[in-house]
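Before any comments, here is the structure.
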Amino acid sequence: NAGVTQTPKFQVLKTGQSMTLQCAQDMNHNSMYWYRQDPGMGLRLIYYSASEGTTDKGEVPNGYNVSRLNKREFSLRLESAAPSQTSVYFCASSVKLAGSVGETQYFGPGTRLLVL
Amino acid sequence: SQKIEQNSEALNIQEGKTATLTCNYTNYSPAYLQWYRQDPGRGPVFLLLIRENEKEKRKERLKVTFDTTLKQSLFHITASQPADSATYLCAPETGANNLFFGTGTRLTVIP
């Protein structure tokens, strides 16, 4: 049981290049999320997917697109990378614990992206 | 707009003492609040969830309180150990079943 996996672990891009960050979970969770984490800013939600086939914008969606390919996989695409997108990107999936009101999130190890 | 504040960026404490971290939120009333631990270079890990109608929640050496009047949650680690050194994130729910994460408090437990 690998949990949440992300690829790549580290990437360097030039301004204007595109790339896709991959995320997969093997816990059969319905909801999945993409966050970015910057120093002093905390984790900010980019996009989320409450179920297969649905996606919604989070707090900072500009410059990104997502695809919920199936229940397991949720990818994040940067069409034209900018230096402001230099960050650490985390994917997460969530489940509602028995007897709980809300969903607990399980995070991947992160992708460190540097845009020059 | 919603705002989350964690009391300080960094907290140093002697081994064996109780660490207390503070999370304040403004402009809304979350139905529940979660706490996560994050180690350097890794993703956050869930620790505890507390509902708005619960005053206190415990798990081993961890205790969380939730004061909806003060709009504040306190996170305590008793008998702290060097292995407890990490960044702790407060995450109230946003009302859309998502979480709004604070910037975190970096705890260092000194042997």
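So the sequences go chain by chain: U and Y. In the numbering used here, each residue carries its 1-based index in the first sequence increased by 1023. Position 80, counted from 1, in the second sequence is what the numbering used here calls 63; the numbers after and before it change by one each time, with no gaps. For every residue, glycine included, the Cβ atom is placed at its ideal position computed from N, Cα and C.
Residue closest to residue i, alpha-carbon to alpha-carbon, out of the options
i, options, result
"U/Phe1097", "U/Ser1107, U/Gly1086, U/Asp1079", "U/Asp1079"
"U/Cys1055", "U/Met1042, U/Ser1072, U/Gly1039, U/Glu1082", "Per the sequence shown, the amino acid found at residue 1055 of chain U is Met instead of Cys. Checking every option, the nearest Cα to that of U/Met1055 belongs to U/Ser1072."
"U/Arg1100", "U/Ser1090, U/Thr1109, U/Ser1107, U/Lys1094", "U/Ser1090"
"Y/Arg41", "Y/Gln17, Y/Asp22, Y/Asn(-5)", "Y/Gln17"
"U/Asn1093", "U/Gln1040, U/Phe1113, U/Cys1046", "U/Cys1046"
"Y/Phe58", "Y/Leu82, Y/Gly78, Y/Ile33, Y/Thr52", "Y/Ile33"
"Y/Pro13", "Y/Phe29, Y/Ala79, Y/Gly24, Y/Leu30", "Y/Ala79"
"Y/Thr51", "Y/Arg89, Y/Tyr11, Y/Ala66", "Y/Tyr11"
Within-8 Å CB hit, residue i to chain Y
i, result
"U/Tyr1071", "yes"
"U/Glu1096", "no"
"U/Gly1122", "no"
"U/Thr1043", "no"
"U/Gly1125", "yes"
"U/Gln1048", "no"
"U/Phe1113", "yes"
"U/Pro1132", "yes"
"U/Gln1034", "no"
Identity of the residues DSSP links to residue i by a beta bridge
i, result
"Y/Ile60", "Y/Ala2, Y/Leu45"
"Y/Gln55", "Y/Asn7, Y/Asp50"
"U/Ala1115", "U/Tyr1056, U/Phe1130"
"U/Phe1097", "U/Arg1091"
"U/Ala1047", "U/Thr1028, U/Glu1096"
"Y/Ile(-13)", "Y/Tyr8"
"Y/Leu32", "Y/Gln17"
"Y/Ile93", "Y/Gln(-3)"
Any C-beta of chain U under 8 Å from that of residue i
i, result
"Y/Ala80", "It is worth fixing the name first, because residue 80 of chain Y is Asn in this sequence and not Ala. Judged by the 8 Å Cβ criterion, Y/Asn80 is in contact with chain U."
"Y/Phe58", "no"
"Y/Gln17", "yes"
"Y/Arg34", "yes"
"Y/Arg97", "Residue 97 of chain Y lies beyond the stretch modelled for chain Y, which goes from -16 to 94, so this question has no answer here."
"Y/Arg25", "yes"
"Y/Glu(-12)", "no"
"Y/Glu76", "yes"
"Y/Phe84", "yes"
"Y/Phe29", "yes"
"Y/Gly87", "yes"
For residue i, the three-state DSSP class (helix, strand or coil)
i, result
"U/Ser1107", "helix"
"U/Asp1079", "strand"
"Y/Pro65", "helix"
"U/Met1148", "Residue 1148 of chain U lies beyond the stretch modelled for chain U, which goes from 1024 to 1139, so this question has no answer here."
"U/Lys1037", "coil"
"Y/Arg25", "coil"
"Y/Ala(-7)", "strand"
"U/Met1042", "strand"
"Y/Glu37", "coil"
"Y/Pro75", "strand"
"U/Val1124", "coil"
"U/Ala1025", "coil"
"U/Ser1074", "coil"
"U/Leu1139", "coil"
"Y/Thr86", "coil"
Chain B within 8 Å of residue i, Cβ atoms only
i, result
"U/Met1064", "Any reference to chain B falls outside this structure, whose protein chains are U and Y."
Touching or not, the segment -15 to -8 of chain Y and the segment 1111 to 1118 of chain U, by the rule of three or more beta carbon pairs under 8 Å? With fewer than three CB-CB distances shorter than 8 Å, the segment -15 to -8 of chain Y does not count as touching the segment 1111 to 1118 of chain U.
Is there contact here, the segment 68 to 79 of chain Y with the segment 2 to 12 of chain Y, by at least three beta-carbon pairs under 8 Å? yes
Inter-stretch contact (C-beta, 8 Å, three-pair minimum) for the segment 28 to 37 of chain Y and the segment 45 to 53 of chain Y: Yes, they touch.
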